[in-house]
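To start, the structure itself, in structure tokens.
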Amino acid sequence: MLTLQLLSPGNFQYKDLPMPEREAGHALIKLNRVGICGTDYHAYTGNQPFFSYPRVLGHEICGTVAEIEDNGSFNEGDLVTILPYLNCGKCIACKNSRENCCTHLSVLGVHQDGALSEFISVPIQFLIPSRGLGADELALVEPLAIAAHGVATAQVSPGETVLVLGAGPIGLGTAAIAKIKGAKVIVADFNKTRLDYCANQLGISLLINLSEEEMRSGICRLLGEEFPLVIIDCSGNLQAINGALNFLAHSGRIVLIGLQKQEIVLSHPEFHKREASLKSSRNALREDFNFVIDCLLKNEIPVSAFISHRVKFQDLAHDFQTLSDPKQMVIKAMVDFG
1 MLTLQLLSPG NFQYKDLPMP EREAGHALIK LNRVGICGTD YHAYTGNQPF FSYPRVLGHE
61 ICGTVAEIED NGSFNEGDLV TILPYLNCGK CIACKNSREN CCTHLSVLGV HQDGALSEFI
121 SVPIQFLIPS RGLGADELAL VEPLAIAAHG VATAQVSPGE TVLVLGAGPI GLGTAAIAKI
181 KGAKVIVADF NKTRLDYCAN QLGISLLINL SEEEMRSGIC RLLGEEFPLV IIDCSGNLQA
241 INGALNFLAH SGRIVLIGLQ KQEIVLSHPE FHKREASLKS SRNALREDFN FVIDCLLKNE
301 IPVSAFISHR VKFQDLAHDF QTLSDPKQMV IKAMVDFG
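The opening position of the sequence shown corresponds to residue 1 in UniProt numbering, with each subsequent residue numbered one higher.
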């Protein structure tokens, strides 16, 4: 079978490898679509933490069950997506239903080989049924579930003002899901094109272009003297994270979805007087996947708003450098296995 390995930063190579052997309790999956994630781009450039080479990337997955044992839930030919966070089931996080941050977590395409291959074998317990969704939608479930988990972690309620920092794919998903939850959503970014995309594709009109105005003046323009009760960082930008507390309402919540490799700085007096909360949001839970599937089935999330580029699997090694170029304005590149 054809597999695409990232041998080292910037160095992809196709290899013809044997088909994976299906172990007991596993399913053999034929890949249909794989979305390219920010993690993949960071691995390509050598900037992804907790990562080693060589590695097969890919964790935003849609595939067809090619081979499976009798299990009562899935049959050969079923279209599925996959929870790519393979947890141990034994640690304190798993015992507390927080499998997304398992102590021994192994993520497909990060800690072990992922889905940029014609076939993969995964434990049946990590399969999620399509419930009638198509291939493109199923491959979008994982990144949207990341966003949904962040919104759930922030405990967003109807009528609250949510400031989303960063208008990349996760930021757009977070904005869309916060809007579904009934929040008043503001999106801030330095990139006008991404902000225009947010307005035109998602119908979110409260925008702050940080290349033209300061955050404080943008918030004042949109909210008057109020500050947002919830800030969700999807940028991973150190300056944005360090500055978020300055624009948070008293009693507010900050949630960090974006990952920053350096230490963050927090003013304890500012944090204390607000009685603020600060949480990280890592990966997603099965319930987040199911929530996103429900939203997609109700057409609450426009799939076309997220898939900006398409590439054939056999062309990906050649095209990846172009897709990683910020000038291309890629929201989500979708790999088609044909």
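Heads up, the beta-carbon is just placed ideally off N, CA and C, and yes, glycines get one too.
Work out the CA separation of Ser324 and Tyr41 for me, nearest whole Å. Distance between the alpha carbons of Tyr41 and Ser324 is about 6 Å.
On the premise that Pro84 lies in contact with Val107, defined as a C-beta separation below 8 Å, what is that separation, rounded to the nearest angstrom? Approximately 6 Å separates the beta-carbon atoms of Val107 and Pro84; this is inside 8 Å, confirming the contact.
Measure the Cβ-Cβ separation of Met334 and Ala139 and say whether it is below 8 Å. Result yes, Cβ atoms of Met334 and Ala139 sit closer than 8 Å.
Measuring CA to CA, which of Thr39, Arg286 and Thr193 is closest to Gly58? It is Thr39 whose Cα lies nearest to the Cα of Gly58.
Top-ranked residue by Cα proximity to Asn237, from Ala249, Val265 and Ser251: Comparing Cα-Cα distances from Asn237 to each of Ala249, Val265 and Ser251, the minimum goes to Val265.
Is the region 245-252 touching the region 271-282, taking contact as three or more C-beta pairs under 8 Å? The region 245-252 is in contact with the region 271-282.
Does the Cβ of Pro5 have 16 or more other Cβ atoms within 10 Å, making it buried, or fewer, making it exposed? Looking at the sequence provided, one finds Gln at residue 5 rather than Pro. Gln5 is buried by the Cβ-count criterion.
If you compare alpha carbons, which of Lys184, Arg33, Leu207 and Ala167 is closest to Arg194? Measuring C-alpha to C-alpha distances from Arg194 to each of Lys184, Arg33, Leu207 and Ala167 identifies Ala167 as the nearest.
Grouping DSSP H, G and I as helix and E and B as strand, with all else coil, what is Thr174? DSSP places Thr174 in helix when its eight states are reduced to three.
Given Leu172 as reference, the closest of Asp189, Val156 and Arg221 once Cα atoms are compared: Considering only alpha carbons, the answer is Asp189.
Measuring alpha carbon to alpha carbon, tell me which residue in Asn246, Arg286 and Phe306 is nearest Ser267. Distances from the alpha-carbon of Ser267 to those of Asn246, Arg286 and Phe306 put Asn246 closest.
Since Leu127 contacts Ile231 with CB under 8 Å, what's their CB separation in whole angstroms? Distance from Leu127 to Ile231 at the Cβ level is roughly 35 Å; contact not present, criterion being Cβ atoms closer than 8 Å.
Let me confirm a value: Ser157 is counted as buried when at least 16 other C-beta atoms fall within 10 Å, else exposed. Which label applies? It counts as exposed.
Assuming contact is defined by CB atoms lying nearer than 8 Å, are Glu67 and Leu28 in contact in what I supplied? Yes, the pair counts as a contact, with Cβ atoms nearer than the cut-off.
Can you round the beta-carbon distance between Thr3 and Ser117 to whole angstroms, since I take them to be within the 8 Å contact cut? 4 Å between Cβ atoms; contact.
Could you tell me the distance, in whole angstroms, from the CA atom of Val303 to the CA atom of Thr161? In a straight line, the C-alpha of Val303 is about 25 Å away from that of Thr161.
Nearest CA to the CA of Glu23: which residue from Glu69, Leu316 and Leu17? For Glu23, the nearest C-alpha among the options comes from Glu69.
Go through its chain and collect everything with a Cβ distance to Gly35's Cβ below 6 Å, but skip five positions before and after it. Result list for Gly35: Glu60, Ala139, Lys332 and Met334, in chain order.
Does the region 207-222 come within contact of the region 134-151, defined as at least 3 CB pairs closer than 8 Å? No contact exists between the region 207-222 and the region 134-151.
Cα-Cα separation, Arg98 to Glu287: Those two C-alpha atoms are separated by around 11 Å.
Applying the 10 Å Cβ sphere with the 16-neighbour rule, what's the burial state of Glu142? Around the beta carbon of Glu142, a 10 Å sphere encloses 16 or more other beta carbons of the protein chains shown; the residue is thus reported as buried.
Give me whichever residues DSSP pairs with Tyr14 in a beta bridge. Answer is Leu4, bridged to Tyr14.
Please return the same chain residues whose Cβ sits closer than 7 Å to the Cβ of Leu17, not counting the five positions on each side in sequence. Answer for Leu17: Met1 and Thr3, listed in chain order.
From Leu206, Cys234 and Leu210, pick the residue whose C-alpha is nearest to that of Gly224; which is it? Checked all of Leu206, Cys234 and Leu210; the closest Cα to Gly224 is Leu206.
Over what stretch of residues does the beta strand (DSSP E) that includes Val292 continue unbroken? Premise fails: Val292 lies in the alpha helix (DSSP H), Arg286 to Leu297, not in any beta strand (DSSP E).
Using a 10 Å radius around the Cβ and a threshold of 16 neighbouring Cβ atoms, would you call His26 buried or exposed? His26 is buried by the Cβ-count criterion.
What does the Cβ neighbour count give for Lys181, buried or exposed, with the cut at 16 atoms within 10 Å? Its Cβ being crowded by 16 or more others within 10 Å, Lys181 is buried.
At what residues does the alpha helix (DSSP H) containing Leu229 begin and finish? Boundaries cannot be given for Leu229, as no alpha helix (DSSP H) includes it and DSSP labels it neither H nor E.
Please state whether DSSP places Thr39 in a helix, a strand or coil. Three-state DSSP puts Thr39 in a helix.
Segment limits, alpha helix (DSSP H) that includes Thr322: Where Thr322 is concerned, the enclosing alpha helix (DSSP H) stretches over Leu316 to Leu323.
Whole-Å CB distance - Thr174 paired with Ile257, under 8 Å assumed: Rounded, the Cβ-Cβ distance is 7 Å, consistent with contact.
What is the DSSP secondary structure of Phe74, counted as helix, strand or coil? Of the three classes helix, strand and coil, the one that applies to Phe74 here is coil, per DSSP.
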